[in-house]
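Protein chains: 2
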Amino acid sequence: MENVPDRPAESSRPADTRGQADREFVGGLARGLAVIECFGTDAPELTLTEVAARTGLTPATARRALLTLEALGYVRQNRRRFVLRSKVLRLGAAYLSSMNLKDLVQPQLQALNARFGDASSLTVLEGNDVVYLAHAAMEKRERRLRQSVGSRLPAHAASTGHVLLAHLPDPARAAYLAQAPFPSFTANTPTDAATLQALCDATRANGHALVRDVIEYGVLALAVPIRDAAGRVFAAINCSADSMRTRDEEMLATRLPALRAAANEIGEALARFPALAHSTGI
Amino acid sequence: MENVPDRPAESSRPADTRGQADREFVGGLARGLAVIECFGTDAPELTLTEVAARTGLTPATARRALLTLEALGYVRQNRRRFVLRSKVLRLGAAYLSSMNLKDLVQPQLQALNARFGDASSLTVLEGNDVVYLAHAAMEKRERRLRQSVGSRLPAHAASTGHVLLAHLPDPARAAYLAQAPFPSFTANTPTDAATLQALCDATRANGHALVRDVIEYGVLALAVPIRDAAGRVFAAINCSADSMRTRDEEMLATRLPALRAAANEIGEALARFPALAHSTGI
DNA sequence: GAAATTATTTTCGCAAAGCAAAAAAATCAA
DNA sequence: TTGATTTTTTTGCTTTGCGAAAATAATTTC
């Protein structure tokens with residue numbers, strides 16, 4: 064389900080680069096972004112050689128990218144190790160602030176949170192993950208899993224993921240499912256293509272997705288789609304409660320009408336600020 | 064206080080570009096990042112011409128950058144408007160996940176939150192802003208201002224901002240203060256250089272910063288520095304309470320010892336994962 | 001609708017950035 | 001220390017990408 068065109072930013076064999084050398088493609092930009100993304104939890108500090116290995120760039124090229132990023136303040140070099148700096152958060156902030164989420168969706172999520180005590184969030188699909196764009200939660204529960212804006216969850220293990228996968232165009236969903244099996248987090252995590260396809264079908268038929276103990280034991284979540292003016296699903300919102308204290312029927316009876324109402328209102332609000340809807344899709 | 068070297072990513076006069084043309088600087092990368100950052104709340108969707116105007120790039124160059132970003136999935140073109148896509152959040156996520164904050168600092172902040180009911184957060188300085196890297200809050204209060212990871216506040220109007228500015232090297236602080244006056248949010252917001260300098264001096268002398276109704280009426284916040292092994296301040300944590308219900312003395316008496324203890328523990332924890340400390344600084 | 005205006009795309013010569021490989025530095029072994 | 005290995009930086013040459021301006025396309029104005 065990669066929504067990225069086949070334009071490998073990095074290529075182990077530089078000869079490949081020729082083929083995609085449109086007149087309109089800035090290789091240096093693609094390479095630099097790959098360098099930023101190659102940092103991660105497992106790699107907070109990387110040497111030039113490590114960056115080159117992870118990105119498939121030659122050392123000379125990786126070095127140019129790192130020195131450029133350093134000159135711009137996105138990277139810092141300490142001895143021979145490179146580290147990302149907080150300035151990279153500006154890049155994500157440019158996206159989040161451009162979506163007007165604070166004004167348009169945060170109030171709806173907070174109302175759900177206040178009414179039911181559930182954590183409530185809005186997510187979109189990005190690659191194989193759902194990304195949290197807005198979130199409201201009472202954080203008094205000592206829950207292990209704690210989401211915040213910008214964080215990700217694998218789509219196959221999230222209620223909103225099921226909703227978003229269900230409304231993907233068939234070829235895109237097929238491409239996603241072709242990557243099965245997916246990692247399992249609990250005994251309830253759907254991991255194979257057939258199960259996920261069935262869940263998607265059910266989700267489309269029901270208009271909602273209810274998942275219990277799928278990403279983590281103790282989490283019961285209910286999600287519904289958000290549609291743009293043309294009826295296309297581009298985001299999903301959910302509520303998540305304690306699976307020990309809440310039965311499925313109760314969850315549906317109490318939360319579903321409120322979630323649907325909130326989804327409608329958010330859909331209408333975002334119709335007047337279509338940036339988010341425009342930013343998603345095939 | 065810009066921590067960015069004088070390397071204008073965009074230059075209205077292309078002739079300038081020569082001077083900075085090190086052999087090791089990838090202009091295309093700098094230009095592409097400038098294109099991403101030129102989107103914002105006021106500009107969720109931009110045309111090619113608007114991007115060119117905002118970045119100072121020529122239309123031809125802006126177009127190459129936008130088409131590259133589109134091919135990579137960071138940007139989407141709808142009709143003639145360009146929009147950022149959620150993939151740009153990967154760039155910030157690379158930073159956040161590389162800092163191991165979830166494991167090392169989140170528990171401390173949650174303990175503070177649980178004990179006092181205050182919102183508690185860890186921030187670093189980035190340009191003129193403090194950036195939230197971790198946050199714990201009971202979101203039941205219907206507070207207008209709601210922070211989350213990655214969000215920003217102007218340093219002159221934040222408790223952690225005062226702490227971080229106070230421990231800046233003198234020339235960096237002078238460069239920051241030279242930008243005064245700063246915008247005012249309440250009658251209590253310090254806006255001029257002299258006032259801010261005095262607040263910094265007091266903060267350094269006290270080892271903490273207490274601000275009341277500075278960013279917003281109703282917010283009372285107390286911040287303390289976090290130091291690395293060498294004693295250098297690279298981050299700050301704070302608690303923020305309801306300014307109506309809490310007097311200054313009470314805030315100091317109850318929160319300060321706990322904040323200092325948490326700051327010490329975080330400092331020690333991060334000494335073993337020095338990526339964050341290394342990522343900040345001059 | 002036609003004309004004027006504005007926006008986007010293409011073209012082209014020159015400068016910049018890519019790769020491969022060699023040279024230099026740094027690190028590691030003994 | 002010295003010598004072997006790895007990592008980083010430099011170099012020569014080629015390809016890519018930039019800016020200015022021309023050409024095309026889209027909007028707006030009348």
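Protein sequences, first through last, are from chains A and B.
Residue numbers for the first sequence follow the numbering used here, so the first one is 64 and each next one is one higher.
Residue numbers for the second sequence follow the numbering used here, so the first one is 64 and each next one is one higher.
Even for Gly, the Cβ is constructed at its ideal location relative to N, Cα and C.
Buried or exposed by the 16-neighbour rule on C-beta atoms within 10 Å, applied to B:Thr343: Under a 10 Å Cβ-count criterion, B:Thr343 is classified as buried, with 16 or more other Cβ atoms of the shown protein chains found around its own Cβ.
Chain-ordered residues of the segment 142-170 of chain A with a beta carbon less than 8 Å from chain B: Residues passing the 8 Å Cβ filter: Arg144, Val146, Leu147, Arg148, Ser149, Lys150, Val151, Leu152, Arg153, Leu154, Gly155, Ala156, Ala157, Tyr158, Leu159, Ser160, Ser161, Met162, Asn163, Lys165, Gln169.
8 Å Cβ shell around B:Leu129 - same chain, five flanking residues per side excluded: Answer for B:Leu129: Val98, Leu111, Val114, Val138, Gln140, Phe145, listed in chain order.
Interface flag, A:Val187 vs chain B, CB-CB below 9 Å: With its beta carbon less than 9 Å from one in chain B, A:Val187 belongs to the interface.
Alpha-carbon spacing of B:Met162 relative to A:Leu147, whole angstroms: Spanning the two alpha carbons is a distance of roughly 9 Å.
Exposed unless 16 or more other CB atoms sit within 10 angstroms - verdict on A:Thr314: Residue 314 of chain A is actually Met in this sequence, not Thr. A:Met314 is classed as buried because its beta carbon has at least 16 other beta carbons within 10 Å across all chains shown.
Buried or exposed (CB count within 10 angstroms, at least 16 for buried), B:Ala237: With fewer than 16 other Cβ atoms inside 10 Å of its own Cβ, B:Ala237 counts as exposed.
Cα-Cα separation, A:Glu108 to A:Arg142: Distance between the alpha carbons of A:Glu108 and A:Arg142 is about 11 Å.
B:Ile329 at chain A interface by Cβ criterion, 9 Å: No - not a single Cβ of chain A is within 9 Å of the one on B:Ile329.
Contacting residues, own chain, Cβ-Cβ under 6 Å from B:Ala50 (five flanking each side not counted): Residue 50 of chain B lies beyond the stretch modelled for chain B, which goes from 64 to 345, so this question has no answer here.
CB contact check: A:Ser303 to chain B, cutoff 9 Å: Contact with chain B is absent for A:Ser303, since none of that chain's Cβ atoms lies less than 9 Å from the residue's Cβ.
Check whether A:Val194 and B:Leu154 have beta carbons under 9 Å apart: Result no, Cβ atoms of A:Val194 and B:Leu154 do not sit closer than 9 Å.
Below-9 Å beta-carbon distance, A:Thr131 vs any chain B residue: Chain B contact via Cβ: present.
Short Cβ contact (9 Å threshold) for B:Asp276 with B:Leu285: It is not a contact, given that the beta carbons lie outside the stated cut-off.
Cβ of A:Phe102 within 9 Å of any chain B Cβ: With its beta carbon less than 9 Å from one in chain B, A:Phe102 belongs to the interface.
Integer-rounded CB distance, given that B:Ala299 should sit under 8 Å from B:Pro352: Here chain B has residues from 64 to 345 only, and residue 352 of chain B is not among them.
Interface partners of A:Gly281 on chain B, CB under 7 Å: Near A:Gly281 there are no residues of chain B at all, since even the closest Cβ is about 17 Å away, more than 7 Å.
Rounded straight-line distance, which links the Cα of B:Leu92 to that of B:Ile329: Their backbone Cα atoms lie some 35 Å apart in a straight line.
8 Å CB neighbourhood of B:Leu120 in its chain, flanking five on each side removed: Closer than 8 Å at the Cβ level, and outside the excluded window around B:Leu120, lie Glu73, Arg94, Ala97, Val98, Val114, Ala128.
Beta-carbon separation (whole angstroms), A:Thr266 vs A:Phe179, contact threshold 8 Å: Not really, about 21 Å apart at Cβ, beyond 8 Å.
Exposed unless 16 or more other CB atoms sit within 10 angstroms - verdict on A:Ala84: Since pLDDT at A:Ala84 reaches only 49, below the 50 mark, its modelled position is unreliable, and no value is offered.
CB contact check: A:Phe336 to chain B, cutoff 9 Å: It does: the Cβ of A:Phe336 has a partner Cβ on chain B nearer than 9 Å.
B:Glu312 classed as buried or exposed, judged by whether at least 16 other C-beta atoms fall within 10 angstroms: By the neighbour-count rule (16 or more Cβ atoms within 10 Å), B:Glu312 is not buried but exposed.
Beta-carbon contacts of B:Ala220 that lie in its chain and below 7 Å, excluding the five residues immediately before and after: Closer than 7 Å at Cβ, skipping near neighbours: Phe248, Thr252, Val277, Ile278.
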